[in-house]
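To start, the structure itself, in structure tokens.
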Amino acid sequence: MKRKVQLTKARQYKGIIVEPEIREFFIGKVWSRENTPFSKEKIDRYIENNYFKVKPAISEKHSFFPFFNKKYICNRCSNDIQQEFVEFECARCRKICVYCRHCINMGRMSSCTDLLVWNGPSEKFPKHHILDWNGMFTELQQKASKELLDSIIQQRNHLLHAVCGAGKTEILFPAVFHCLQEGLRICIATPRTDVVLELFPRFQKVFPNTVIHAYYGNAPKQKGTAQLVIATTHQLYRFEEAFDMVIVDEADAFPYTYDISLQKAVWKSKKKGAPVALVTATPSVQILSKVKKDGWGYSFIPKRYHGHSLPVPRFESLWFYERQINKGRIPKKLALWTKSRIEQGEPFFIFFPTIHLMQKTAPLFQQIHPDILSVHAKDPERKEKVMKLRNEEIPGLLTTTILERGVTISNVQVAVVGAESKIFTSSALIQISGRVGRNVNFPGGEIVFFHHGISVEMDAARNEILRLNKEGFQ
Amino acid sequence: MNRNEVKNCLLCNAPLNSQMDWKRLFFNRFPKVICQECENQFEWCLHEQDEEVVSLYYYNEAMQDYLHRYKFMHDVLLSKVFREEIYYNLKNRKEMIVPIPMHPEKLKERTFSHVDELLKEARIPYVHLLEKITTETQGGKTREERMNTPQIFKLKKTVQVEGKEILLVDDIYTTGTTIRHAKRVLIEGGAKSVKAFTLIKSGFYK
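Here the protein sequences come in this chain order: A and B.
Using the numbering used here, the first residue of the first sequence is number 58, and each one after it goes up by one.
Using the numbering used here, the first residue of the second sequence is number 712, and each one after it goes up by one.
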């Protein structure tokens, strides 16, 4: 009896018992001190007991030379573009404070707000998982999958370069499964929310025993600590040294290639020495050179999973299409193309360079067929409209580049209007061409670039597709 | 390099390519900070003005978004957006300009006073005469609740308002409760006349 009392006393003396909720919430995250779902007193007590590292949200770097401007760095989004820092008279501190406009959408971080980083015991993840998938790999997929796994075991970065429709997601399964069984924490990041929403149910189905969370803007709250996180790259701002492995899917998509701080966020979110794998159909020159220079693992799949070649785009002139549309008529060739698609009962996408042009043409197309709809990035019914096309409720969709990736509709035919526009880079055009012929039953299909003069990017896209076809069928 | 130089639209981040001309070179007091497209989305409130309360814009979707980003996401830089319009509307007013104050606790929470910042950016001198005594806000209340709120302001201790003409400034005018309360306090203190100026006029939708 006496001994028991002593024991409890000893335990009390040690400090506090960590609540699992708090640990689950904070592990691997960088979080604003003011905006936690827990009470202020509780957080303060944890800080006193050294369970958190506290750092200011904006740090200052003084230049080596006197009289030079000091430099600010945001500790959440790693932004160091000085124009995006704003100095203001802070009424709380009664002095000049600074905030970062780059990540203000996630709540303002200023130099007088603190960030919390978990410093307590780390989480142990279960090692028993089930891989519920019995698909078959093609030879090339098998090889790529093994190469990816080898790179992970050697803790080496990896680039998986595979054409659109090569079955990239499936290739990831063995690698993810391996990591899960080692009790490691994995993140699959992608620049697009649509892709997160598509990947999440697929992974949930394949790994039924694993805690998986999806993070994107306005995502619902999810319980527990996820061993597998599927997130948009923006959400990685919130993580720090959290993952033993990060996979970036669609690593060539806007805004990831364009926004350096997103790339920094990926590197910040992983633990030191943990490998990163990039998955893309159109790697940029920078990525390829990095692969060579730093000795990354590299796998290349030039062939689709069904073994048919990629559809090659056809160039079709559509002179002065803009002027004709402004006059209120659809260019003849485009109208004929659309009519023949409707006659043959094939679903179609027509890509436009700008929302403005698309909205101008939409009523004209509705004269051909009243059910033709249009979608763009700000359209709240985007998902529903794509579903309608998939269910064959509507004959076709007009769209901006927002549907260039991640959408799979069987037997879809694609036209690009104004393919010479600046927004259609070669990688965008390759992605758009990749929408066609993804189904085994309909491996062919038409991809037409309607243009007002052939651009260098159009040629580059076509040559790349021809090259891939050549390499796949040697 | 000037840190505060604005190169992209503060609202949509599109690059601002303003052309240089003579007028801009010599009289450019307020360089543009938002693009033409964003500017067009704000709706001027030209009609239904009365003598007592002058408002500049309607509370449409674009304005709702602006106010949310400025007031609730605390993007202080957005106080620059309407500085030119505020300047031209207030520069010739002869009354004493008095912004509606915030409660000190609210001020600490928000870290800046949104009305003061608007005036500061527009380079309009102002005086604080009032103090707010409640921490509750008008937003999120029904019309009846707003109408029946007890007095929310009091005069600052050492100020003299007797015989003065006063122009109250606030960000948004909805039911007029805030302005009415402030006006009553000032009139009771002996002010000669009290008028009001707000950036936004909102119909009450709830």
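All residues carry an ideal CB built from backbone N, CA and C; glycine is no exception.
Small disclaimer: the values here were computed from a predicted structure and weren't measured.
* **Per-residue burial, B:Arg740 [other beta carbons within 10 Å of its own, 16 or more giving buried]** => Exposed, since its Cβ has fewer than 16 Cβ neighbours within 10 Å.
* **Simplified DSSP state of B:Met654, which is helix, strand or coil** => The structure shown does not extend to residue 654 of chain B, since chain B is modelled only from 712 through 917, so no value can be given for it.
* Mind listing the chain B neighbours of A:Phe544? Cutoff is C-beta to C-beta under 7 angstroms, in chain order. => Residue 544 of chain A is absent from the structure shown; chain A starts at 58 and stops at 531.
* Among A:Leu256, A:Glu91, A:Lys360, A:Lys417, which has the Cα closest to the Cα of A:Cys221? -> A:Lys360
* Could you check the C-alpha separation between A:His426 and A:Phe481 for me, to the nearest Å? => Rounded to the nearest angstrom, the gap between the Cα atoms of A:His426 and A:Phe481 is 27 angstroms.
* Asked: If you follow the beta strand (DSSP E) that A:Trp324 is part of, which residue opens it and which one closes it?
  -> Here A:Trp324 belongs to no beta strand (DSSP E); instead the alpha helix (DSSP H) covers 317-326.
* To do: Quick one: give me the first and last residue of the beta strand (DSSP E) that A:Arg371 is part of.
  => 371-374
* Does any C-beta atom of chain B lie closer than 8 angstroms to the C-beta of A:Gln416? -> no
* A:Thr289 - containing beta strand (DSSP E), residue span -> 285-289
* Listed by chain order, chain A residues near B:Leu818 by CB distance under 7 angstroms -> Ala148
* Asked: Does DSSP put B:Asn800 in a helix, in a strand, or in coil?
  -> DSSP, reduced to helix, strand and coil, places B:Asn800 within a helical segment of the structure shown.
* A:Thr33 lies in the beta strand (DSSP E); which residues open and close that run? -> There is simply no residue 33 of chain A to check, as chain A begins at 58 and stops at 531 in what is shown.
* Under 8 angstroms by beta carbon: chain B residues contacting A:Ile317 -> Those within 8 angstroms of A:Ile317 in chain B number zero; the least Cβ separation is about 15 angstroms.
* **Contiguous beta strand (DSSP E) assignments of at least 3 residues, all confined to the region 413-455 of chain A** => 430-432
* Report yes or no: is there a C-beta of chain A within less than 8 angstroms of the C-beta of B:Met784? => yes
* For B:Lys718, which residues in chain A fall below 7 angstroms Cβ to Cβ? -> Gln140
* DSSP-derived helix/strand/coil call for B:Met712 -> Interpretation of B:Met712 is limited by its pLDDT of 33, a score under 50 that renders its predicted location unreliable; no figure is taken from the coordinates.
* **chain B contacts made by the region 157-184 of chain A, where a contact means CB separation under 9 angstroms** => Arg158, Ile161, Asn162, Gly164, Arg165, Ser167, Cys169
* What did DSSP end up calling A:Met58 once you bin it into helix, strand or coil? -> Here the model assigns A:Met58 a pLDDT of 47, short of 50, so the residue's position is not dependable, and the following value carries that caveat. A:Met58: coil per DSSP, three-state reduction.
* **Inter-stretch contact at 8 angstroms, needing at least 3 Cβ pairs: the region 283-295 of chain A / the region 100-111 of chain A** => no
* Asked: Should the region 130-150 of chain A be called in touch with the region 162-177 of chain A, which here means at least 3 C-beta pairs below 8 angstroms?
  -> yes
* Going by CA-CA distance only, name the one from A:Val333, A:Arg380, A:Leu486, A:Pro368 that's closest to A:Phe408. => For A:Phe408, the closest alpha carbon among the candidates A:Val333, A:Arg380, A:Leu486, A:Pro368 is that of A:Leu486.
* Quick one: Cα of B:Tyr799 to Cα of B:Asp882, how far? -> 16 angstroms
* At which residues does the beta strand (DSSP E) containing B:Leu878 begin and terminate? -> Start and end: 876-884.
* To do: Identify the continuous alpha helix (DSSP H) that holds A:Ala201 and give its terminal residues.
  => Under the DSSP assignment, A:Ala201 falls in the alpha helix (DSSP H) whose first and last residues are 196-210.
* Pick out whichever of A:Lys479, A:Leu525, A:Glu196 has its Cα sitting closest to the Cα of A:Gly510. => A:Lys479
* **A:Leu285 versus A:Ala276: straight-line alpha-carbon distance, rounded** => 16 angstroms
* Taking the CB atoms as reference points, tell me whether A:Ser208 and A:Gly402 lie closer together than 8 angstroms. => In this structure, A:Ser208 keeps its C-beta atom at 8 angstroms or more from the C-beta atom of A:Gly402.
* Asked: Comparing alpha-carbon positions, which option in A:Lys384, A:Ile358, A:His508, A:Ile451 lies nearest A:Gln531?
  -> A:Ile358
* To do: State the CB to CB distance for the pair A:Gly491 and A:Val252, rounded to an integer number of angstroms; the pair is presumed to be in contact (CB under 8 angstroms).
  => Between A:Gly491 and A:Val252 the beta-carbon gap is near 14 angstroms, outside 8 angstroms, which marks them as no contact.
* Asked: Can A:His433 and A:Thr457 be called in contact, C-beta distance under 8 angstroms?
  -> yes
* CA-to-CA distance, A:Arg519 to A:Pro410, given in whole angstroms -> Cα to Cα, A:Pro410 sits roughly 18 angstroms from A:Arg519.
* Under 8 angstroms between C-beta atoms, does A:Ile73 make it to chain B? -> no
* Anyone know if the C-beta pair for B:Lys802 and B:Glu832 falls short of 8 angstroms? -> no
* **Heavy atom of the ligand MG within 7 angstroms of A:Asn176 beta-carbon** => Within the structure as shown, the ligand MG is missing, as the structure has no ligands at all.
* CB-CB length for A:Val75 against A:Phe296, believed under 8 angstroms -> With 8 angstroms as the limit, A:Val75 and A:Phe296 do not qualify as a contact, their Cβ atoms being about 20 angstroms apart.
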